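Heads up: the sequence shown begins at 198 in the numbering used here, then just goes up one per residue. Every residue gets a Cβ at the ideal spot worked out from N, C-alpha and C, and that includes glycine. These numbers come from a predicted model, not from an experiment. One structure below.
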Amino acid sequence: MNHAQAMDNMYRYQRYIYDFTRKYFLLGRDTLLARMEIAPHQHVLELGCGTAHNLVRLAKQYPQTHFYGIDASAQMLISAEKKVKTWGNPIILKQGLAENFNFHTTFELNQPFDVILFSYALSMIPPWREAFEAALANLKVGGHIYIVDFFDQAELPVFFQKGLTRWLHYFQVHYRPELLAYLHELENNQRGTLTITPLYKRYTFIAKFKKIK
Ligand SMILES: C[S@@+](CC[C@H](N)C(=O)[O-])C[C@H]1O[C@@H](n2cnc3c(N)ncnc32)[C@H](O)[C@@H]1O
198 MNHAQAMDNM
208 YRYQRYIYDF
218 TRKYFLLGRD
228 TLLARMEIAP
238 HQHVLELGCG
248 TAHNLVRLAK
258 QYPQTHFYGI
268 DASAQMLISA
278 EKKVKTWGNP
288 IILKQGLAEN
298 FNFHTTFELN
308 QPFDVILFSY
318 ALSMIPPWRE
328 AFEAALANLK
338 VGGHIYIVDF
348 FDQAELPVFF
358 QKGLTRWLHY
368 FQVHYRPELL
378 AYLHELENNQ
388 RGTLTITPLY
398 KRYTFIAKFK
408 KIK
């Protein structure tokens, strides 16, 4: 079974309760959406956009900005398309893998994106490094990549950390300490500037990476 099929199997029925249930544990998404720097007429992409929860919120906040989403799961995109239709303004959604897309061939755009978002997606993408590299390759110099995802739970009780880790593994979600090390390495190699903000006693983190070359 390939990854897209695995995601379809995971979300075929989950998608009906996804938005209602996830608001209780995909914390920090609204904080990130409020902090993102987005301008009119820019092109903004979410990789692993799921039901388009974030894209529709952003599109309401920035009606003159162009929004795009990619998700591995065609099932999730059925829910996303429904939500996007009720919003009205076009949000372009494509089924595909975050590690394998191109602004021109996937979206027929003539220039790379201004802003790219991963919201609780890198923790579900096995080739997360390739996905981040693909985002960098499809981002303008001066553009931003934002991430919100599970952190190390270091300020929470150990029983909570263990229970959460077991539960997340059941959903094929993995906290990736190596992701933060990799982002710091990119900054050390002067590929960008990085800000990491832990939230909710390190339950989650927000990362802002600015591409400088
Ligand atoms: C936990 S959900 C988060 C959805 C959304 N970003 C949000 O914040 O509500 C993770 C999403 O990533 C998608 N996904 C997993 N692996 C992917 C990949 N390699 N490429 C694109 N999407 C992927 C899943 O299908 C799922 O919709």
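Taking Cβ to Cβ, would you say residue i is nearer than 9 Å to residue j?
i: Phe329; j: Leu319; result: yes
i: Ile409; j: Arg388; result: yes
i: Leu336; j: Ile342; result: yes
i: His368; j: Met321; result: Per the sequence presented here, residue 368 reads as Phe, with His not at that position. Cβ distance < 9 Å, so Phe368 and Met321 count as in contact.
i: Leu391; j: His381; result: yes
i: Asn297; j: Ala331; result: yes
i: Val241; j: Phe310; result: yes
i: Gln292; j: Ala201; result: yes
i: Tyr379; j: Asp346; result: no
i: Ile235; j: Val338; result: no
i: Leu294; j: Tyr265; result: no
i: Glu375; j: Phe406; result: no
i: Thr362; j: Gly225; result: no
i: Tyr317; j: Val370; result: yes
Looking at the secondary structure, which residues open and close the beta strand (DSSP E) in which residue i lies?
i: Gly285; result: It is not in any beta strand (DSSP E) - Gly285 carries neither H nor E in the DSSP assignment.
i: His341; result: Leu336 to Phe347
i: Tyr213; result: No beta strand (DSSP E) contains Tyr213, which DSSP labels as neither H nor E.
i: Lys408; result: Thr401 to Lys408
i: Phe222; result: Here Phe222 belongs to no beta strand (DSSP E), and DSSP marks it neither H nor E.
i: Gly266; result: His263 to Asp268
i: Leu396; result: Gly389 to Leu396
i: Ile313; result: Phe310 to Ser316
i: Glu243; result: His240 to Leu244
Mind checking which residues open and close the alpha helix (DSSP H) that includes residue i?
i: Thr302; result: Phe300 to Phe304
i: His250; result: His250 to Gln258
i: Phe356; result: Val355 to Tyr367
i: Leu377; result: Pro374 to Asn385
i: His371; result: Unbroken run through His371: none, as it is neither H nor E.
i: Leu229; result: Arg226 to Arg232
What do you get for residue i, buried or exposed, if any count of 16 or more other CB atoms within 10 angstroms of its CB means buried?
i: Asn251; result: buried
i: His238; result: exposed
i: Gly340; result: buried
i: Arg232; result: exposed
i: Glu212; result: In the sequence as displayed, the identity of residue 212 is Arg instead of Glu. Buried: at least 16 other Cβ atoms inside 10 Å.
i: Tyr256; result: The sequence shown places Ala at residue 256, not Tyr. Burial call: buried.
i: His366; result: exposed
i: Trp364; result: exposed
i: Thr210; result: A quick correction: the sequence has Tyr, not Thr, at residue 210. Classification for Tyr210: exposed.
With a cut-off of 9 Å, does the C-beta of residue i fall near any C-beta of chain C?
i: His301; result: Among the chains in the structure shown there is no chain C, since it carries only a single protein chain.
Pair every Cβ in the segment 217 to 231 with every Cβ in the segment 269 to 282, then say whether three or more of these pairs are closer than 8 Å. no
Using the beta carbon as the reference atom, which residues fall closer than 5 Å to any heavy atom of ligand 1, ordered along the chain? That gives Met204, Gly245, Gly247, His250, Asp268, Ala269, Ser270, Met273, Leu294, Ala295, Ser316, Tyr317, Ala318, Met321 and Ile322.
Are the segment 344 to 351 and the segment 298 to 310 touching, with three or more C-beta to C-beta distances below 8 Å? no
Is the segment 210 to 218 close to the segment 234 to 249, with three or more CB pairs under 8 Å? yes
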